[in-house]
Structures are given as C-alpha cells and as structure tokens.
Ligand SMILES: [Fe+2]
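Numbering (my numbering), first residue to last: 23 to 313.
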C-alpha cells in the first residue's frame, strides 16, 4: 500500500512519540551524490543553505543557515565534503523534476498515515529537505514547526529525540517564541540528555519526529551522510501551531494581571478555541490592512 515506507508503520504514534521504521528508497537515483551535484546548483540559491563551520549541539540551528558564508561555492563544498566539516541543507528540492515524483509518493504515504490517525486527510505544506553532511557533523538541538519523517540514505547517525511537550526540555515560553518566529535560540545543557531517547540510524531506516519534539543529530564518523526529510502539518498540528502563536501573543498581556496562558498540547478543546481565536484575529488584522 505504501510506495516508500514499510508496511508495518504504526499510524497511532504519529505526533505522539518518536519511532523508527523502514523505507524502500535506498538506491533511488535522485539521492546519489552525482545527481545531487547536478541538481543543487540548478536550484534557486535561497533554497540551498550551507555552513562550513562545525556546529555544536547548543548552537542556534536556524540562525546558522541564514547567512551564506562569503567566498564559498556550493560546488566546492560538495567536492570537499568528506573532510571539510561541511553541512548542506536544501529546502524543497521537489521543485526540480528529478525530485517531483519522489515528493508526490512520499506525500501520498504520509496522507495514508494521517488518515489512519484521524487528523485529516492532507499533508499540509508538505516539503522535502535534503541534508548532506560531513562525517561527525552535528545538527544542533532544535524543534520543528512541522511533523517529520527523516530517512537515511548514506552514512550513519544518531538522532536524540525528546518527549513532545516536556517543559523540562523546552520551556513553554521558548517553545512559543520559536514557533511564532520570535526567537530560535533554545536553552541547552548536556544534563537534558537524561530525558532524551537516542535512535541509531542507518541507510534504509526512517524516523518519525513529532511536531515540536526537541531533537539533535550527530553523524557517524565513517562516511558522508545523506538524509532527506518530509515535513508537513496535519489538521491537528495546524491547530497546535495557531494555539501556540496565540499563547505567545497573549503571554505578555496576561502577565500584567499575574496570569499565564495554559500550555498547548494538553486539552484539544482549549487548543481548538485558541486556534479559532488566533485565526479570527489574523483575519481581522488583514481586513484592517495590518500585518
Ligand atoms: Fe529538525
């Protein structure tokens, strides 16, 4: 039934807990280093972000990729990636014809799982991300505003994932500011590892990372790592996103009265009401011509 995923994927865990499963895309020609070397320079420059500085677990992941390092071409980076501590992140490679069909098939698989889980029938804003990284490269601790299926194609890595709504790991204020694009710096200390679950990850394996679950990645030392993720929202995670943004915007106002908003993710009824109010507020603002 699935085109890309193993048959035994448990849809009931979607956006509830991290889990590993198998994918059937090993050897797919789109993911070869040769094809990537041809595709990446053909993509719009703002979809290809790279860094030559080794990153640490506590670094600000999104900010790292905002600036393009001076005097460094993508071609150079691919050429030297085995030894250069480089990291390339490609957003939406599906705009290139060699990734379009793969994207379509992965979205169809995700939508089967979304339907089984009962959170709508569509993978909203579904995009692919490609990650090509040197041996031992680190993806710093961060959260995503999406649900993720991460698939490994070459090299090994360990991915540590933290419980989705655990405020000991991601304080609720930091989560709200992150999701609402106000600040992408999350507090990190090594002691947080006590709450994480480490998954070792090899070619042919896939991992689900739930919406806003903290995670970081360490590549193995043996080879260049090539992985790809499908990120998307469901009807439920869209509701969570809007409710979190509502909380972020209300938090300051409520603090004037000594109150704090109730954290998202514990009451569908409350989250649904906040999501509705956030949507109404946005619509009213746009009708009044404000941002
Ligand atoms: Fe991520």
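Note that CB positions come from ideal geometry on N, CA and C, so glycine has one too.
Computed from a predicted model, the values in this text were never measured in an experiment.
Under the three-state reduction of DSSP, which class applies to residue i: helix, strand or coil?
i	result
residue 307	helix
residue 81	coil
residue 125	helix
residue 239	strand
residue 259	helix
residue 65	coil
residue 36	coil
residue 234	coil
residue 156	coil
residue 173	strand
residue 249	strand
residue 149	strand
residue 294	helix
residue 209	coil
residue 117	helix
residue 90	In this predicted model, residue 90 has a pLDDT of only 47, less than 50, meaning its place in the structure is not dependable; the value taken from the coordinates is given anyway. Three-state result, residue 90: coil.
residue 59	helix
residue 197	helix
residue 217	helix
residue 72	strand
residue 109	strand
residue 268	helix
residue 16	Here the chain has residues from 23 to 313 only, and residue 16 is not among them.
residue 143	coil
residue 130	helix
residue 283	coil
residue 162	strand
residue 135	helix
residue 47	coil
residue 278	coil
By Cβ distance below 6 Å, which residues in the same chain neighbour residue i in space, the five residues on each side in sequence not counted?
i	result
residue 139	33, 36
residue 155	109, 241, 247
residue 149	114, 253
residue 90	Caution applies to residue 90, whose pLDDT of 47 falls short of 50 and renders its modelled position unreliable; the model cannot decide the point.
residue 41	35, 230
residue 207	82
residue 278	none
residue 296	265, 268
residue 137	143
If residue i and residue j are in contact, beta carbons under 8 Å, what's the gap, nearest whole angstrom?
i	j	result
residue 151	residue 190	In fact, because the Cβ distance is near 28 Å, the residues do not count as touching under 8 Å.
residue 322	residue 260	Examination of residue 322 is not possible in this model, given that the chain is present from 23 through 313 alone.
residue 157	residue 243	5 Å
residue 252	residue 58	Contact doesn't hold; Cβ gap of about 17 Å is too wide.
residue 269	residue 263	Actually they are not in contact, since the Cβ atoms of residue 269 and residue 263 sit about 11 Å apart, beyond 8 Å.
residue 43	residue 60	Incorrect: roughly 30 Å between the Cβ atoms, too far for contact.
residue 226	residue 50	The pair is not a contact, with the Cβ atoms about 11 Å apart (cut-off 8 Å).
With a threshold of 7 Å on Cβ separation, who are the neighbours of residue i within its own chain once the five nearest residues in sequence on each side are excluded?
i	result
residue 131	24, 25, 26, 27
residue 134	23, 24
residue 79	160, 162, 163, 210, 238
residue 223	174, 178, 179, 180, 181, 229
residue 52	120, 121, 124
residue 204	270
residue 48	175, 225, 226
residue 188	217
residue 103	154, 156, 246
residue 257	141, 142
residue 276	282, 283
Here's a check: name, in chain order, each residue in its chain whose Cβ is nearer than 8 Å to the Cβ of residue i, leaving out the five neighbours to either side.
i	result
residue 184	191, 192, 214, 217, 218, 219, 235, 236, 237
residue 267	198, 201, 202, 300
residue 122	116
residue 186	37, 38, 39, 232, 233, 234, 235, 287
residue 304	none
residue 273	195, 198, 282, 283
residue 293	261, 262, 265, 286, 287
residue 165	192, 197, 200, 201, 208, 234, 235, 236, 237
residue 221	40, 42, 180, 181, 182, 183, 229
Measuring only from the beta carbon, is residue i closer than 7 Å to any heavy atom that is part of ligand 2?
i	result
residue 222	Looking for ligand 2 in the displayed structure turns up nothing; the ligands present are ligand 1.
Is it true that the segment 165–175 meets the segment 56–65, where meeting means three or more beta-carbon pairs spaced less than 8 Å apart? no
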